[in-house]
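Everything on this sheet refers to the single structure shown next.
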Amino acid sequence: MLEHGNKNCIEQVHGILTNNASIAKGSSAAKVVGPLFLLLTRPEFGPDGQHSALQVLVNILEHPQCRADYNLTSHQTIEPLIPLLDSQAPAVQQLAAELLSHLLMEEHLQKDPVTQQVIGPLIRVLSSGIHILQQRAVKALVSIALIWPNEIAKEGGVSELSKVILQADPSLPHAVWESAASVLANILQFSSEFYLEVPVAVLVRLLRSGLESTVVGALNALLVLESDDGTSAEAMAEIGAIEALLELLRSHQCEETAARLLEVLLNNVKIRESKATKTAILPLSQYLLDPQTQAQQARLLATLALGDLFQNEGLARSTDAVSACRALVNVLEEQPTEEMKVVAICALQNLVMYSRSNKRAVAEAGGVQVVLDLIGSSDPDTSVQAAMFVKLLFSNHTIQEYASSESQSHNRLASLLPVHSLSTLGRFEENTPNLFTMTFFFVLNILFGRAAAIEKDLWATGTVNEEYLKSLNALFSNFPRLRATEPATLSIPHLVTSLKTGSEASQEAALDELFLLRQAWSACPAEVSRAQSIAAADAIPLLQYLIQSGPPRFQEKVEFLLQCLPGTLVVIIKRGNNMSFCSV
40 MLEHGNKNCI EQVHGILTNN ASIAKGSSAA KVVGPLFLLL TRPEFGPDGQ
90 HSALQVLVNI LEHPQCRADY NLTSHQTIEP LIPLLDSQAP AVQQLAAELL
140 SHLLMEEHLQ KDPVTQQVIG PLIRVLSSGI HILQQRAVKA LVSIALIWPN
190 EIAKEGGVSE LSKVILQADP SLPHAVWESA ASVLANILQF SSEFYLEVPV
240 AVLVRLLRSG LESTVVGALN ALLVLESDDG TSAEAMAEIG AIEALLELLR
290 SHQCEETAAR LLEVLLNNVK IRESKATKTA ILPLSQYLLD PQTQAQQARL
340 LATLALGDLF QNEGLARSTD AVSACRALVN VLEEQPTEEM KVVAICALQN
390 LVMYSRSNKR AVAEAGGVQV VLDLIGSSDP DTSVQAAMFV KLLFSNHTIQ
440 EYASSESQSH NRLASLLPVH SLSTLGRFEE NTPNLFTMTF FFVLNILFGR
490 AAAIEKDLWA TGTVNEEYLK SLNALFSNFP RLRATEPATL SIPHLVTSLK
540 TGSEASQEAA LDELFLLRQA WSACPAEVSR AQSIAAADAI PLLQYLIQSG
590 PPRFQEKVEF LLQCLPGTLV VIIKRGNNMS FCSV
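Here it is as structure tokens:
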């Protein structure tokens, strides 16, 4: 009766199988599978009969064991369903797609060449806009996406899957969205040629997927898209890419790639000027402080991203910037690579350049000692950046005010410098009871006291020399009392060395230092001024040389120094015309 397409008979079979699942799984049900598929191929078999037959087949073949027992071939099962996917009856389309999704769970059918023929019809079902049809079509496509990604793309799958992913209809189950995203990700992983076909909004939405493979595909596509078209970065940021990337970092998912894309976005000037970037500071800081953050390359990129953000003065002055100060100091304390040190110090430079509160935050986090230690680094890049940071940190009286605000309290000092430094500071307490003086006496001792160890690297290039001297200049200019200290006296031989071997900029910085020290001699104890003048006397030949061959802007300070150094013969000529040397 089934072979003749008796509708009532088919409906009775459907009712039996629906009411008793055990029968559908039994061997007796196997007898109807072949005849029903055969009926579906008959042109006279109308939509009602097709619908009934498909219902029976779905009831049987939705069970994995049944599919395994029937030894189904693609010609028996797949081919009859292909025309039904284009049926004018949506109910028939739905059941055909549903049955196909069950059949394609079988590996041998997934790989069968006949299966390629269902891709086009499935894409057309996907484009119908009917949610239940889309749901069934996507489920079928998921099963073959790994095997036939190129064929799905060539049938227009990228466009139609993108439309499904962008649907905002809450009635569309999340599983459908996730499945469509998975199929699209397989296409992207198959070939990068499809990257530029996917709308940016779709790729950003894929970052929210719960499947790592989908997220990886989206990240790779977004990176390629940004490098191919720089303006796309702004579009990514506008539709929520930064928030999605921060969430990936927070959950420690695809960290390195997510951090790389985030750094690229935050390095964009226009993006940094948008209000949305302000919300990135705290999550990035928390990520760096999170003990679970173990991926070193991701940490480096997150640190670099913070540095990018703080190139914007407004962001550097924001309240969240204080948390970034703590996070960056923490990075430096964890013995990172030299590259990480440089990146973190540069980020801190951007922070303290614009904000007094950030300077306090760095001090409270122990950053003063940490960065001072790095001045002695054997890596020239680390050393020069540390010196530049010290110059910025001491460029005004913020630290002085901070240290002096509780001049009787060692707790404030403890927050400026690590505990292990307090014993060193204690040596100076008797002679320098003011907390500020104690603190910076120690700072100078560090800067100058390790000269023997760092001299080879520090004076190797004019750049290091110049930045180091500028840092000292910032200290002496803003804190005159430091000029009369022993470490200041010990610095003079190195200033003389810089006059002899340094670049023009280094020579100028050394002249400025000597000039500042000379200004303090009248107010210094006699033994200090005497010791400093004797040490500076070694510079006399160099100063005389600079009088003859140095830049004109050196002239005034050089003459002033020569007039007051012991061992200098000074002859003042009020006026001389047509003078020439003659021998006697």
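Our numbering applies: residue 40 is where the sequence shown begins, and numbers increase by one.
For glycine and all other residues, C-beta sits at the position ideal for the given N, C-alpha and C.
Nothing here was measured: the structure is a model prediction, and the numbers come from that model.
Using the C-alpha atoms, what's the distance from residue j back to residue i?
| i | j | result |
| --- | --- | --- |
| Leu604 | Leu508 | 21 Å |
| Ile384 | Arg175 | 55 Å |
| Met427 | Val401 | 15 Å |
| Leu328 | Trp560 | 48 Å |
| Ala224 | Gly405 | 46 Å |
| Ile204 | Ile278 | 14 Å |
| Ser126 | Phe229 | 31 Å |
| Ala549 | Arg557 | 12 Å |
| Val368 | Val409 | 8 Å |
| Lys193 | Ser357 | 49 Å |
| Asp267 | Tyr234 | 10 Å |
| Ser537 | Pro238 | 59 Å |
| Pro122 | Pro330 | 58 Å |
| Gln104 | Ile158 | 26 Å |
| Leu371 | Glu377 | 10 Å |
| Pro590 | Leu600 | 16 Å |
| Ser231 | Ser182 | 21 Å |
| Val381 | Gln335 | 15 Å |
| Lys70 | Ile117 | 18 Å |
Report buried or exposed for residue i, applying the criterion of at least 16 other Cβ atoms within 10 angstroms of its Cβ.
| i | result |
| --- | --- |
| Asn98 | buried |
| Leu452 | For Leu452, the pLDDT reaches just 33, beneath the cut-off of 50, and the residue's location in the model is therefore unreliable, although a value from the coordinates is still provided. Leu452 comes out buried. |
| Pro86 | exposed |
| Gln546 | buried |
| Gln594 | exposed |
| Ser13 | Residue 13 is absent from the structure shown; the chain starts at 40 and stops at 623. |
| Asn110 | exposed |
| Asp151 | buried |
| Ser541 | Checking the sequence, you will find Gly at residue 541 rather than Ser. It counts as buried. |
| Gln587 | exposed |
| Tyr584 | exposed |
| Gly346 | buried |
| Ala565 | exposed |
| Pro209 | exposed |
| Pro526 | buried |
| Thr270 | exposed |
| Trp88 | First, the amino acid is wrong: residue 88 is Gly here, not Trp. By the 10 Å Cβ count, Gly88 comes out buried. |
| Ser417 | exposed |
| Arg338 | buried |
What does a CB cutoff of less than 6 Å around residue i pick up in its chain, not counting 5 residues either side in sequence?
| i | result |
| --- | --- |
| Glu352 | Tyr393 |
| Leu245 | Ala220, Thr253 and Ala257 |
| Cys563 | Ala523 |
| His90 | Ala130 and Val131 |
| Thr80 | Pro119 |
| Lys596 | Leu550 and Phe554 |
Is residue i close to chain B, meaning its C-beta is less than 8 Å from at least one C-beta of that chain?
| i | result |
| --- | --- |
| Leu165 | Absence of chain B from the displayed structure is noted, only one protein chain being present. |
Run the proximity test for residue i: is its beta-carbon closer than 7 Å to any non-hydrogen atom belonging to the ligand COA?
| i | result |
| --- | --- |
| His291 | The ligand COA is absent from the structure shown, which contains no ligand whatsoever. |
Apart from the five residues just before and just after residue i, which ones in its own chain have a Cβ nearer than 8 Å to its Cβ?
| i | result |
| --- | --- |
| Val255 | Ala224, Gln228, Cys293 and Thr296 |
| Lys430 | Glu506, Lys509, Ser510, Asn512 and Ala513 |
| Gln374 | none |
| Phe515 | Leu521, Arg522, Ala527, Glu552, Leu555 and Leu556 |
| Leu262 | Thr296, Arg299, Leu300 and Val303 |
Who are the near neighbours of residue i in its chain, counting only those whose CB is closer than 7 Å to its CB and skipping five residues on each side?
| i | result |
| --- | --- |
| Leu348 | Leu305, Arg311, Thr316, Ala319, Ile320 and Leu354 |
| Ala179 | Ala136, Leu139, Ser140, Leu143 and Leu161 |
| Pro188 | Asn225, Ile226 and Phe229 |
| Leu172 | Pro129, Gln132, Gln133, Ala136 and Val164 |
| Ser313 | Ala276 |
| Ala240 | Leu205 and Ile278 |
| Asp551 | Asn512 |
| Val391 | Asn397, Lys398, Val401, Leu431 and Leu432 |
Checklist entry - Can you give, in chain order, each stretch of the alpha helix (DSSP H) that sits fully within the region 248-292 and has at least 4 residues? => result 251-267, 271-277 and 280-289
Checklist entry - What beta strand (DSSP E) runs, 3 residues minimum, are completely inside the region 300-352? => result none
Next on the checklist: In chain order, what are the residue ranges of uninterrupted alpha helix (DSSP H) at least 4 long that sit wholly in the region 543-607?
Outcome noted: 543-558, 565-575, 579-588 and 594-603
Item to check | Residue ranges of each alpha helix (DSSP H) within the region 146-219, 4 or longer | outcome: 146-150, 158-165, 170-183, 188-193 and 196-205
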